[in-house]
Amino acid sequence: MRLRVALTALLAVGAGALAAAPSAGAATREFWIAAVPVTWNMAPNQFDAITGTRYDPIRTVLGTVVFRRFTPHWRRPLPNTPESGNQNLIPGPLLRARVGDRILVHFRNMDFARRDPHSMHFHGVEYRPSSDGAFVPGVSGPDGNVRPGQSWTYRLTAGPDSAGAWPYHDHSPSMHASIDGGMYGMLSIFGRDERLPDREFVVVFARMGEFQTIDGRAFVGNTPVYRSRVGDLVQWDVMAMGSEHHSFHVHGHRWRAADGVTRDTQNVAPAESFRFRWREREPGTWLYHCHVEEHMALGMIGTYQVGRR
Amino acid sequence: MRLRVALTALLAVGAGALAAAPSAGAATREFWIAAVPVTWNMAPNQFDAITGTRYDPIRTVLGTVVFRRFTPHWRRPLPNTPESGNQNLIPGPLLRARVGDRILVHFRNMDFARRDPHSMHFHGVEYRPSSDGAFVPGVSGPDGNVRPGQSWTYRLTAGPDSAGAWPYHDHSPSMHASIDGGMYGMLSIFGRDERLPDREFVVVFARMGEFQTIDGRAFVGNTPVYRSRVGDLVQWDVMAMGSEHHSFHVHGHRWRAADGVTRDTQNVAPAESFRFRWREREPGTWLYHCHVEEHMALGMIGTYQVGRR
Amino acid sequence: MRLRVALTALLAVGAGALAAAPSAGAATREFWIAAVPVTWNMAPNQFDAITGTRYDPIRTVLGTVVFRRFTPHWRRPLPNTPESGNQNLIPGPLLRARVGDRILVHFRNMDFARRDPHSMHFHGVEYRPSSDGAFVPGVSGPDGNVRPGQSWTYRLTAGPDSAGAWPYHDHSPSMHASIDGGMYGMLSIFGRDERLPDREFVVVFARMGEFQTIDGRAFVGNTPVYRSRVGDLVQWDVMAMGSEHHSFHVHGHRWRAADGVTRDTQNVAPAESFRFRWREREPGTWLYHCHVEEHMALGMIGTYQVGRR
Chain E
-12 MRLRVALTAL LAVGAGALAA APSAGAATRE FWIAAVPVTW NMAPNQFDAI
38 TGTRYDPIRT VLGTVVFRRF TPHWRRPLPN TPESGNQNLI PGPLLRARVG
88 DRILVHFRNM DFARRDPHSM HFHGVEYRPS SDGAFVPGVS GPDGNVRPGQ
138 SWTYRLTAGP DSAGAWPYHD HSPSMHASID GGMYGMLSIF GRDERLPDRE
188 FVVVFARMGE FQTIDGRAFV GNTPVYRSRV GDLVQWDVMA MGSEHHSFHV
238 HGHRWRAADG VTRDTQNVAP AESFRFRWRE REPGTWLYHC HVEEHMALGM
288 IGTYQVGRR
Chain F
-12 MRLRVALTAL LAVGAGALAA APSAGAATRE FWIAAVPVTW NMAPNQFDAI
38 TGTRYDPIRT VLGTVVFRRF TPHWRRPLPN TPESGNQNLI PGPLLRARVG
88 DRILVHFRNM DFARRDPHSM HFHGVEYRPS SDGAFVPGVS GPDGNVRPGQ
138 SWTYRLTAGP DSAGAWPYHD HSPSMHASID GGMYGMLSIF GRDERLPDRE
188 FVVVFARMGE FQTIDGRAFV GNTPVYRSRV GDLVQWDVMA MGSEHHSFHV
238 HGHRWRAADG VTRDTQNVAP AESFRFRWRE REPGTWLYHC HVEEHMALGM
288 IGTYQVGRR
Chain S
-12 MRLRVALTAL LAVGAGALAA APSAGAATRE FWIAAVPVTW NMAPNQFDAI
38 TGTRYDPIRT VLGTVVFRRF TPHWRRPLPN TPESGNQNLI PGPLLRARVG
88 DRILVHFRNM DFARRDPHSM HFHGVEYRPS SDGAFVPGVS GPDGNVRPGQ
138 SWTYRLTAGP DSAGAWPYHD HSPSMHASID GGMYGMLSIF GRDERLPDRE
188 FVVVFARMGE FQTIDGRAFV GNTPVYRSRV GDLVQWDVMA MGSEHHSFHV
238 HGHRWRAADG VTRDTQNVAP AESFRFRWRE REPGTWLYHC HVEEHMALGM
288 IGTYQVGRR
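Residue numbers (the numbering used here), protein chains in the order written: chain E, -12 to 296; chain F, -12 to 296; chain S, -12 to 296.
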């Protein structure tokens, strides 16, 4: 009983925490998110560890706008990924829910740097046109064109066919530049009674400036280091954003994709997304990367470290 | 009995109409098609409604050659899409049949403008090499190289594994330029006893000139406006042509793809094709588009309007 | 008994031959492979048969490094494809095994021309990190960075989920240039009791220089001519390497892909791979090609010849 109260409190601050055991009934999950300007470094160590190439910050640092989690009513900013501190702002917060849940995403445009309009458009879930978040003159309302200082609440439902990992992204008049700058994130919808994984890795492939990034970072040493232990139930949520097709590969592992096919490499078109799971049994340090050779050479590669039990 | 006669008459003019209820036995479906030169405007309103950009006709109008339906023996031209008047000539006519049917496509090359050879090559159906329609010197016959003024009859069978939506296109010596100019269309093969949908939308993604087009049109206001009502059984037939991979997305909906996976975004490589259905229940105006950001910005986007029942 | 001895002898020379009938138990399959410099002509007939364009050897011949089969302990080089003589060196040898088999690949770097490091990285099979073959400074060992004159043995297992056709390729510090030059091949893993096909065609799509090649060759007349007879059980192993997405199409045929979908055209991203089978029943000469128009025009097309029974 005390646990349930604690969980509710946690959800109230937008952490998106789900009970590891399925909850008894459908819930309403609320998230407070804002578009905020930040300075972002795609390669904080200024280094491609594989080729030994050094990159000057002038090539790796850019001013951009990102989706960031907040406490209710946007009182205080929170890290997007609780365990990773405040530096991991691309992608936006992982929004977790279960089939049957209602999801309220309270969005505020705090882009007082460029003063661009922004919005949130969600894949995979049910909503009315007023929560679509896409800009079409003469058709769409304020949901697709939230001006600086304004806010909008997107009202979504995780329907019976919503289980999976799905993109969200800016779909306002500034969408193309905003997506190039990292305004995207993922929804992770679990089945009503589905077991939560022990680890969940969010992998977003997208070009940024002259680099090919994973979660906004380029090159081993900057891209996410995913970690697990032998025996863990590991889930990968993968998507692409932007204008290029990619090819997701993990070394030393295979997975059964949603279509029933065993793969170790999977095509991912812009805004396509997929999730897969495995029970980990391969200790070691493994590469994951985009198998498009030019993308790999431009930074779209990272390491996955599996510890012994 | 009178109905059967009427249907036969309708088929005789190449309308490709199928009975909504399955027909008793396999039929022979005949189509009369010609390659005809036309002047085509990719953006008749000279306008990108989303960005407000105006385009001069010099950039949007081109002389090209398209596939066009005719009455038997090419006596009179017909609109490719009966309900849409004579202006919708890209893609070519939708050729509908059922598994088990024989399909005779009588093709005439009326390209007296460029005087290029042309042909028709069909995906998804059974045929002998003489109906392949592809040009290989020393191997192929006249089917792959129909000269201006000449004609050829392609003899096809919708086999047990032909149910689905499939491309057809020019595969003659002029194929690359002809496909860039819109010489493609779709076959829609239904199962022997499959229910026909209430609405069938043909979506072809292809670059044309400097634009990214849907059915030869660029930008909301020019691309097809698909329409349905709540309760309709809606079918989408999707394919790509040319040299680029695309990513098909519809807002506010998900579908169960042929591989059993629920999606709202699906990769489509050149000449890949797929169909899917849903029972409509989401009133409103929705976007459908290619999710490759650059393609979307260059016109590959349209609206789907769902009325209340 | 004599058969087992004969088989063992055959395997000992690295031929990778499998019994047509399933073997009684799991085997250890050994292959001896080296990286060797060669002069390679992408279009030995200097001709595009479809357009009639002639190409000067200066554009089609390059010095490169390839994977080549050897007798044990690299005593004598062998043709990669036994029936095709010594000229077919791209892709590297087809490595066949059955689920449950151990696979030992003895690799020697004989690149005394460029003196680049090389390695072998295998998809689809199980191995420890020391057989991964990928170069990551500070993480990987000599398996990912085999210097000229050195060798390494990769120890692999065909696991329960390894049945299928999979890539292998260089993953050393020189990997991007080496892959562009043809340092790739395929593993073909059959189920424990799976029937072997009568014909197995290995199709690798990859750009090379200014051309788009199949198995390192461009244009009809240079690309592989696959042959079968009506009644044959035919297997196609298809993959892509490099930086581009492709679209595999065969004329006059359809296949049931691993995801259960009937196709005649299938997307293939870099390092994606798939296999499919059909019982041949369509005599004639058919085209197979990449359906990306620009790739087809740059040589990614060949013929498949089916004889009558």
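Heads up, the beta-carbon is just placed ideally off N, CA and C, and yes, glycines get one too.
All figures in this text were calculated on a predicted structure; none of them were measured in a lab.
For residue 295(F), the secondary structure class from DSSP, reduced to helix, strand or coil, is coil. For residue 22(F), there are no neighbours in chain S by C-beta distance under 7 Å, as the nearest C-beta there is about 18 Å away. Shown here for residue 264(S): same chain residues with a beta carbon closer than 8 Å to its own, the five before and five after excluded, namely 184, 220, 221, 222, 223 and 242 in chain order. Per the C-alpha coordinates, the member of 188(F), 231(F) and 177(F) positioned closest to residue 254(S) is 231(F). DSSP places residue 38(E) outside both helix and strand once states are collapsed to three, so it counts as coil.
When secondary structure is reduced to three states using DSSP, residue 201(E) falls in the strand class. Checking the DSSP bridge columns, you'll see residue 253(E) partnered with 235(E). The alpha-carbon of residue 99(E) is positioned some 11 Å away from that of residue 25(E). Residue 87(S) and residue 236(E) have their C-alpha atoms roughly 23 Å apart.
Between residue 163(E) and residue 267(F), the beta carbon gap of about 30 Å keeps them out of contact (Cβ cut-off 8 Å). C-alpha of residue 202(E) to C-alpha of residue 197(S): approximately 33 Å in a straight line. Of all residues in the region 150 to 174 of chain F, only 150, 151, 153, 154, 158, 160, 162, 163, 166 and 167 place a beta-carbon less than 9 Å from a beta-carbon of chain S.
DSSP places residue 77(S) outside any beta strand (DSSP E), giving it a letter other than H or E. Secondary-structure assignment with DSSP links residue 96(S) through a beta bridge to 22(S). About 5 Å separates the beta carbon of residue 213(F) from that of residue 188(F), a gap short enough to meet the 8 Å contact definition. In the structure shown, residue 138(E) adopts extended strand secondary structure according to DSSP, grouped into three states. Residue environment: residue 130(F) is assigned as buried (16 or more neighbouring CB atoms within 10 Å of its CB, all protein chains considered). With fewer than 16 other beta carbons inside 10 angstroms of its own, residue 180(E) counts as exposed. Between residue 36(F) and chain S, the shortest Cβ-Cβ separation is not below 8 Å. Taking the beta carbon of residue 279(S) as reference, the chain F residues within 7 Å of it are 230 and 257, listed in sequence order.
In the DSSP assignment, residue 280(F) falls within the alpha helix (DSSP H) that extends over 280 to 284.
Neighbours of residue 248(F) in chain E, taken as residues at a C-beta separation under 7 Å, are given in chain order as 245 and 246.
In summary, residue 217(E) is exposed, with fewer than 16 beta-carbon neighbours lying within 10 Å of its beta-carbon over all protein chains present.
For residue 204(F), the nearest beta carbon of chain S is not closer than 8 Å to its own beta carbon.
DSSP lists 24(E) as the bridge partner or partners of residue 52(E). Under the 8 Å Cβ criterion, the region 80 to 95 of chain F counts as touching the region 140 to 160 of chain F, having at least three qualifying pairs. Nearest Cα to residue 143(E) within the set 170(E), 105(E) and 82(E): 82(E). Nearest to residue 158(S) by C-alpha distance, out of 109(S), 290(S), 101(S) and 294(S), is 109(S).
By the 16-neighbour rule on beta-carbons within 10 angstroms, residue 43(F) is exposed. Inclusion of residue 234(F) and residue 259(E) in the CB contact set at 8 Å is warranted, their separation being smaller than that value. Contact with chain S is absent for residue 96(F), since none of that chain's Cβ atoms lies less than 8 Å from the residue's Cβ.
Chain-ordered listing is empty here: chain E has no CB closer than 7 Å to the CB of residue 103(S), the nearest sitting near 14 Å. DSSP places residue 214(F) inside the beta strand (DSSP E), whose first and last residues are 213 to 216. Under the 8 Å criterion on CB atoms, residue 212(E) is classed as non-interfacial with respect to chain S. DSSP, read as helix, strand or coil, puts residue 224(E) in strand.
With a cutoff of 8 Å on beta-carbon distance, residue 75(S) and residue 66(S) are scored as near each other.
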